[in-house]
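Colleague:
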Amino acid sequence: MFAIAIIFFISLGTPVKSISKLNTVVDDCGCTFSYSKYNEVVANCSSSENSDYSCVRTQEPVYLSLQYQNFTEIPTALYRIPFNSLKQLDLSRNKIQHIPQDFLKFFPNISNLTLTYNHLTDPYELMHIREYVITHLAYNKFNCDCKDSRLPTLRKHMPKLHTSVICATDDPGKPVESLTVHCHEILSVENNWTPLIIIIIISISIIAAI
Ligand SMILES: *[C@@H]1O[C@H](CO)[C@@H](O)[C@H](O)[C@H]1NC(C)=O
Ligand SMILES: *[C@@H]1O[C@H](CO)[C@@H](O)[C@H](O)[C@H]1NC(C)=O
Ligand SMILES: *[C@@H]1O[C@H](CO)[C@@H](O)[C@H](O)[C@H]1NC(C)=O
Ligand SMILES: *[C@@H]1O[C@H](CO)[C@@H](O)[C@H](O)[C@H]1NC(C)=O
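First residue of the sequence shown: 0, per numbering that gives the first Met the number 0; consecutive thereafter.
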């Protein structure tokens with residue numbers, strides 16, 4: 000039993016050095032590689048507990064799937080070295096809380112970024128995603144203040160990102176499937192009473208005048 004376990008771990012640690020151009024699925028770098036119908040390399044590291052990103056990078060995938068990794072942050076090993084081949088990156092279904100400022104600098108050719116079902120909260124971090132990268136962001140609990148002076152800049156940035164975000168003070172953190180650039184302002188209790196108070200004051204003045 001023990002011997003079998005050792006053989007199993009040794010085989011895991013021995014990556015196949017190069018992938019031949021087959022139309023089959025190949026396991027390497029802790030991930031599964033296949034070819035798209037356009038003969039582009041597709042890397043699937045979803046649910047994998049031992050992906051080696053420098054190894055993945057050498058296979059020059061165009062598409063990389065990293066779902067269900069339990070990431071609370073984007074691993075720096077993924078983006079400290081340029082990843083030129085990548086056009087689509089799927090980081091959905093993790094617990095990512097932040098988009099680092101320099102993150103996309105290492106993906107010069109990316110056109111499609113998926114961050115659905117994560118734990119992002121600060122919509123201003125979307126400014127770190129350069130314009131015209133199609134970004135999927137549904138099911139994050141964005142929180143923002145409608146009075147934030149940066150909101151107009153964010154609104155201007157969003158259409159070029161091909162996505163948008165809700166800033167709601169009345170229901171912060173509500174996950175939304177289809178995100179739009181809206182700012183809902185809640186009327187405070189004071190504000191609700193203001194018209195009534197004005198009417199009462201006017202009525203009293205009228206009665207007093209009579
Ligand atoms: C990636 O592999 C997982 C199984 O590990 C599978 O459930 C998932 O559908 C695959 N994703 C893609 C995009 O092929
Ligand atoms: C993520 O966490 C779940 C629950 O703790 C665990 O079952 C799963 O193996 C983890 N996935 C990875 C890729 O570490
Ligand atoms: C990615 O971008 C780099 C530099 O911007 C460029 O030299 C390279 O050819 C591109 N690679 C692909 C696969 O598009
Ligand atoms: C972007 O990638 C996601 C999966 O990561 C896919 O569902 C979607 O269709 C892609 N969008 C475009 C425009 O390529």
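C-beta atoms are modelled at their ideal positions from N, C-alpha and C, and glycine is treated no differently.
Skipping 5 residues on each side, what residues in its chain have a beta carbon closer than 8 Å to that of glutamine 66?
Modeller: Locating residue 66 in the sequence shown gives position 67, where the first residue counts as 1. Excluding sequence neighbours, glutamine 66 sits near Ser45, Ser46, Asp89, Leu90, Ser91, Arg92, Asn93.
Colleague: When the Cα atoms are used, what is the spatial distance from serine 110 to threonine 120?
Modeller: Taking the first residue of the sequence shown as position 1, residue 110 is located at position 111. Taking the first residue of the sequence shown as position 1, residue 120 is located at position 121. Going by the C-alpha atoms only, they are around 23 Å apart.
Colleague: Quick one, what's near ligand 2 if you take every residue whose CB is closer than 7 Å to any heavy atom, in chain order?
Modeller: Ser46, Ser47, Glu48, Tyr67, Gln68, Asn69
Colleague: When burial is assigned at 16 or more other CB atoms within 10 Å of the CB, is tyrosine 37 buried or exposed?
Modeller: Along the sequence shown, read from residue 1 onward, the residue named residue 37 stands at position 38. Exposed.
Colleague: Please list, in chain order, all residues with a C-beta atom less than 6 Å from at least one heavy atom of ligand 3.
Modeller: Near ligand 3, residues with a Cβ at less than 6 Å from any of the ligand's heavy atoms are Asn83, Ser84, Pro107, Asn108; the list follows chain order.
Colleague: Does valine 55 come out as helix, strand or coil in the three-state DSSP assignment?
Modeller: Against the sequence shown, residue 55 aligns to sequence position 56. Valine 55: helix per DSSP, three-state reduction.
Colleague: Work out the CA separation of leucine 153 and histidine 135 for me, nearest whole Å.
Modeller: One-based indexing of the sequence shown puts residue 135 at position 136. One-based indexing of the sequence shown puts residue 153 at position 154. If you take the alpha carbons of histidine 135 and leucine 153, they lie about 16 Å apart.
Colleague: Mind checking whether cysteine 30 and serine 50 have CB atoms under 7 Å apart?
Modeller: For the purposes of this step, residue 30 is taken as the residue at position 31 of the sequence shown. For the purposes of this step, residue 50 is taken as the residue at position 51 of the sequence shown. Cβ distance < 7 Å, so cysteine 30 and serine 50 count as in contact.
Colleague: I'd like to confirm something about tyrosine 50: is its beta-carbon nearer than 6 Å to some heavy atom of ligand 1, or not?
Modeller: What you label residue 50 is simply residue 51 of the sequence shown in a count that begins at 1. Tyrosine is not the amino acid found at residue 50; the sequence shown has serine there. No - ligand 1 has no heavy atom lying nearer than 6 Å to the Cβ of serine 50.
Colleague: By the three-class DSSP mapping on this structure, what secondary structure does isoleucine 133 have?
Modeller: Sequence index remark: in the sequence shown, residue 133 carries index 134 (1-based). DSSP places isoleucine 133 in strand when its eight states are reduced to three.
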